[in-house]
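Engineer: Note that UniProt numbering numbers the sequence shown so that position 125 is 125, with each residue one more than the last.
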Amino acid sequence: MNDIKRALKEVLEDTKRFSQQSEDTVIQRIHQPQRKKWGVPFITVSFIALFLFFLGAYLWQPNQQAQFTRYFQEKMGDADYQVIFQEFNSLKDNDALVAFIQQEEDTEKIYLAYFDYQKKWRWLQTTGTQSKPYQGKESWTSTAQEPFMYAGVIDATEISQIIVGKQQATQIALQGNLVYWFAVSDKAARIIAKRTDNTWERLTELQSSNEPTYNIPIIDTLSDMQQVIELKTDTMDRGNREYYQSPIVIDPQFTKLERGDVITYTTQDGQQTISRVLGLPHETVEIINGTVVINTVSFAHPFMFATIMGETVYESYGEKLGTHLMNREAAKKTFFYSFPFTQLSQTQIFVVPDNWAGGVIEVISLGQVNAKVLGYKGE
């Protein structure tokens, strides 16, 4: 009770203003537990915990990289190799990208390998190419699944830059004028090269035998079932008025369709048009940023890439358009057009015109196909 009186004296010096309510207030204040001041200790503990966390991460990273070095050396065994590029946390945390040259009997190849760490290191995929161009042609290779890895060798006196998708490829100088390039993408991507004369072109496959020809045959003699028609459309125009500068010969009695065949078909609105078959029954089709992908594989054929009037490189086509911004934007949408992943049925095919800006890219039924186009009618 003495404590109460002392408190009352401190708070209420004038006894005339003392009341029962004031006494109750003071008693409540005395018996109320005081809050502990944790501010400074709490901040200190939090700072220490945060420091230890980052210290652990800092110390763990070199240990993880040391584990990778041992893992890679064990995997390579007695192979004769030289690492020319290594990067950790390349595409995501806890991964690694390595490029290395390996001697294999009488040949030398360069490999690009991708790894990730989930409790232990894993070698996920690899793509390799010859260390020198084959018969003067630029050689390159790629993987068929994510992450899509592209790599190759170029002659620096002929090619100054490689673009994969929209990113510039990493370049590593080799002996002489040769340069090893690579890029990694989460999607299938186009590959274009800027030549030293400042022109652009797409890189195609090493084997020229697989590249399609655009020399349209001349048909001098027709069978009883073949017909001659004229289609006034620029759907297949590659710069020389292909398939509409002269009458064309068609075969309505064809027995089989193959990839690359040119056909006529009836559209949903009843119009007859012309296009090229790229996807066959039971296949999966997709277009990613202007690159046609069949069964998850991107074929390096010219008709598998976005094309406007024979031009397959947006950068080059854009230079021709100059300052016409609206046309450039429309062209960009065409060159980087995407079509959703689609599973074709037994009775469906995927058609893509040679002039993407002049035709329709779509899935059609075999019942819509009218005929296979054989070529121009001879004189």
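We put the CB at the ideal spot given by N, CA and C, even for glycine. These numbers were taken from a predicted model, which means no experiment stands behind them.
When burial is assigned at 16 or more other CB atoms within 10 Å of the CB, is phenylalanine 341 buried or exposed?
Structural biologist: Here residue 341 is taken as the residue at index 341 of the sequence shown, counted from 1. Classification for phenylalanine 341: exposed.
Engineer: Out of curiosity, what's the CA-to-CA distance linking glutamate 283 and glutamine 343?
Structural biologist: Reading the sequence shown from its first residue, position 283 is the one you call residue 283. Reading the sequence shown from its first residue, position 343 is the one you call residue 343. When rounded, the distance between both Cα atoms is 6 Å.
Engineer: Give the secondary structure of glutamine 226 by DSSP, where H, G and I count as helix, E and B as strand, and everything else as coil.
Structural biologist: The count along the sequence shown starts at 1 and reaches residue 226 at position 226. Three-state DSSP puts glutamine 226 in coil, outside helix and strand.
Engineer: With a 10 Å radius around its C-beta and 16 neighbouring C-beta atoms as the bar for buried, classify lysine 372 as buried or exposed.
Structural biologist: Looking up residue 372 in the sequence shown gives position 372. When all chains shown are included, lysine 372 counts as buried.
Engineer: Can the beta-carbon of glutamine 271 be found closer than 8 Å to that of asparagine 370?
Structural biologist: In the sequence shown, the residue the question calls residue 271 occupies position 271. In the sequence shown, the residue the question calls residue 370 occupies position 370. In this structure, asparagine 370 does not lie closer than 8 Å to glutamine 271 by Cβ.
Engineer: Report yes if the C-beta of threonine 264 is less than 7 Å from at least one heavy atom of the ligand NAP; otherwise report no.
Structural biologist: What this structure holds is no ligand at all, so the ligand NAP is not there to describe.
Engineer: Give the secondary structure of serine 209 by DSSP, where H, G and I count as helix, E and B as strand, and everything else as coil.
Structural biologist: Position 209 of the sequence shown, counting from 1, holds the residue named residue 209. Residue confidence is low: serine 209 scores 35 on pLDDT, short of 50, so the model does not pin down where it sits. No coordinate-derived value is stated.
Engineer: Could you check which residue in Phe68, Val297, Asn89, Phe182 has the C-alpha nearest to that of threonine 129?
Structural biologist: Taking the first residue of the sequence shown as 1, we reach residue 129 at position 129. Ranking the options by Cα distance to threonine 129, first place goes to Phe182.
Engineer: Does DSSP put phenylalanine 53 in a helix, in a strand, or in coil?
Structural biologist: Taking the sequence shown and counting its residues from 1, one reaches residue 53 at position 53. With a pLDDT of only 49 at phenylalanine 53, under the threshold of 50, the placement of this residue in the model should not be trusted, and no figure is reported.
Engineer: Since phenylalanine 85 is in the beta strand (DSSP E), which residue starts that stretch and which ends it?
Structural biologist: Here residue 85 corresponds to residue number 85 of the sequence shown, with the count starting at 1. Phenylalanine 85 -> beta strand (DSSP E) spans 81-88.
Engineer: Within 10 angstroms of the Cβ of alanine 173, are there 16 or more other Cβ atoms? Answer buried if so, exposed if not.
Structural biologist: Translated into the one-based positions of the sequence shown, residue 173 becomes position 173. Classification of alanine 173: exposed, given that the 10 Å Cβ count is below 16.
Engineer: Buried or exposed: where does methionine 149 fall if 16 or more other Cβ atoms within 10 Å of its Cβ makes it buried?
Structural biologist: Locating residue 149 in the sequence shown gives position 149, where the first residue counts as 1. With 16 or more Cβ atoms within 10 Å of its Cβ, methionine 149 is classed as buried.
Engineer: To the nearest angstrom, how far is the alpha carbon of serine 365 from that of threonine 347?
Structural biologist: Here residue 365 refers to the residue found at position 365 when the sequence shown is read from its first residue. Here residue 347 refers to the residue found at position 347 when the sequence shown is read from its first residue. Roughly 6 Å separates the two Cα atoms.
Engineer: Quick one: residues in its chain with C-beta nearer than 7 Å to the C-beta of valine 363, no 5 flanking neighbours on either side, listed in chain order?
Structural biologist: Taking the sequence shown and counting its residues from 1, one reaches residue 363 at position 363. Once the five neighbours on either side are set aside, the close Cβ partners of valine 363 are Thr342, Leu344, Gln348, Phe350.
Engineer: State the Cα-Cα distance for the pair aspartate 155 and phenylalanine 299, rounded to the nearest angstrom.
Structural biologist: For this step, residue 155 is matched to residue 155 along the sequence shown. For this step, residue 299 is matched to residue 299 along the sequence shown. Taking the straight line joining both Cα atoms gives about 23 Å.
Engineer: Quick check: what's the CA-CA separation for isoleucine 287 versus glycine 279?
Structural biologist: The residue labelled residue 287 in the question sits at position 287 within the sequence shown. The residue labelled residue 279 in the question sits at position 279 within the sequence shown. Whole-angstrom Cα-Cα distance: 11 Å.
Engineer: Would you report the Cα separation of glutamine 145 and isoleucine 250, rounded to the nearest angstrom?
Structural biologist: Residue 145 sits at position 145 when you count from the first residue of the sequence shown. Residue 250 sits at position 250 when you count from the first residue of the sequence shown. Glutamine 145 and isoleucine 250: Cα-Cα distance of roughly 39 Å.
Engineer: To the nearest angstrom, how far is it from the Cα of valine 297 to the Cα of alanine 169?
Structural biologist: Counted from its first residue, the sequence shown places residue 297 at position 297. Counted from its first residue, the sequence shown places residue 169 at position 169. Each residue's alpha carbon lies about 21 Å from the other.
Engineer: Work out the CA separation of tryptophan 356 and isoleucine 248 for me, nearest whole Å.
Structural biologist: Indexing the sequence shown from 1 puts residue 248 at position 248. Indexing the sequence shown from 1 puts residue 356 at position 356. Approximately 21 Å, taken between the alpha carbons.
Engineer: Taking DSSP's pairing of strands, which residues face phenylalanine 148 in a bridge?
Structural biologist: Within the sequence shown, numbered from 1, the residue matching residue 148 stands at position 148. Answer is Ser185, bridged to phenylalanine 148.
Engineer: Could you pull out every unbroken alpha helix (DSSP H) segment of at least 4 residues lying fully inside the stretch 218-293, listed in chain order?
Structural biologist: Correct list: empty.
Engineer: Rounded C-beta distance between methionine 236 and proline 147? I'm assuming under 8 Å.
Structural biologist: For the purposes of this step, residue 236 is taken as the residue at position 236 of the sequence shown. For the purposes of this step, residue 147 is taken as the residue at position 147 of the sequence shown. The Cβ separation is near 35 Å, so there is no contact.
Engineer: Could you compute how far the alpha carbon of tyrosine 243 sits from the alpha carbon of tyrosine 376?
Structural biologist: One-based indexing of the sequence shown puts residue 243 at position 243. One-based indexing of the sequence shown puts residue 376 at position 376. Approximately 7 Å between the Cα atoms of the pair.
Engineer: Starting from isoleucine 308 and walking both ways along the beta strand (DSSP E), at which residues does that stretch end?
Structural biologist: Mapped onto the sequence shown, residue 308 falls at position 308. Careful: isoleucine 308 lies outside any beta strand (DSSP E) and carries neither H nor E.
Engineer: What number of angstroms, rounded off, separates the C-alpha of glycine 378 from the C-alpha of threonine 221?
Structural biologist: Residue mapping note: residue 378 aligns to position 378 of the sequence shown, counting from 1. Residue mapping note: residue 221 aligns to position 221 of the sequence shown, counting from 1. Roughly 8 Å separates the two Cα atoms.
Engineer: Under DSSP, the beta strand (DSSP E) around aspartate 106 begins and ends at which residues?
Structural biologist: In the sequence shown, residue 106 corresponds to position 106, counting from 1. Counting along the chain, aspartate 106 falls outside any beta strand (DSSP E), and DSSP gives it neither H nor E.
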